[in-house]
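In our numbering, the protein residues as written are 166 to 321.
Beta carbons are placed, not taken as given, at the ideal position from N, Cα and C, and that holds for glycine.
Remember, it's a predicted structure, so these values are computed and weren't measured experimentally.
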């Protein structure tokens, strides 16, 4: 890779991710959601009644971050907390009726952002793109093998 191109892929990925987050955040804000709240809502839509620790693990964030966001969503009446039936020290988080209704707006915002992002790519290109992203995610998540020099080893 030429010297001028070093870091180009990472710079492009970071720039694209930032633009996607900004675009999605703008749509979500129209529905009263702030950055990160949508992820908690969608995680609960897929599996309601998770603990804050389970949500933090699922979303890859620290528990204090989840707690603050849960409290905000609870104040907005999208979520409710209930004590565990087995351990009163443990809380479980559930969507309210208002929260379940808001999921539709979140999903619509995500679909609209994705549609704009993938505009001009045919189905085959979209499938290839998703495959490349999955490979990058796999490599970055620590699932890729690293050799003694700290370089990612080829799996092929």
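Residue i - containing beta strand (DSSP E), residue span
i: residue 260; result: 256-260
i: residue 246; result: 244-248
Residue span of the alpha helix (DSSP H) that contains residue i, given as start and end
i: residue 289; result: 288-303
i: residue 176; result: 173-194
i: residue 236; result: 228-240
Cβ pair residue i, residue j closer than 7 Å
i: residue 196; j: residue 282; result: no
i: residue 218; j: residue 229; result: no
i: residue 211; j: residue 242; result: no
In DSSP terms, what residue i is bridged to
i: residue 215; result: 258
Buried versus exposed, by CB contacts within 10 Å (16 or more), residue i
i: residue 184; result: exposed
i: residue 240; result: exposed
i: residue 181; result: exposed
i: residue 201; result: buried
Same chain, Cβ closer than 6 Å to residue i, neighbours up to 5 away in sequence not counted
i: residue 302; result: none
i: residue 288; result: none
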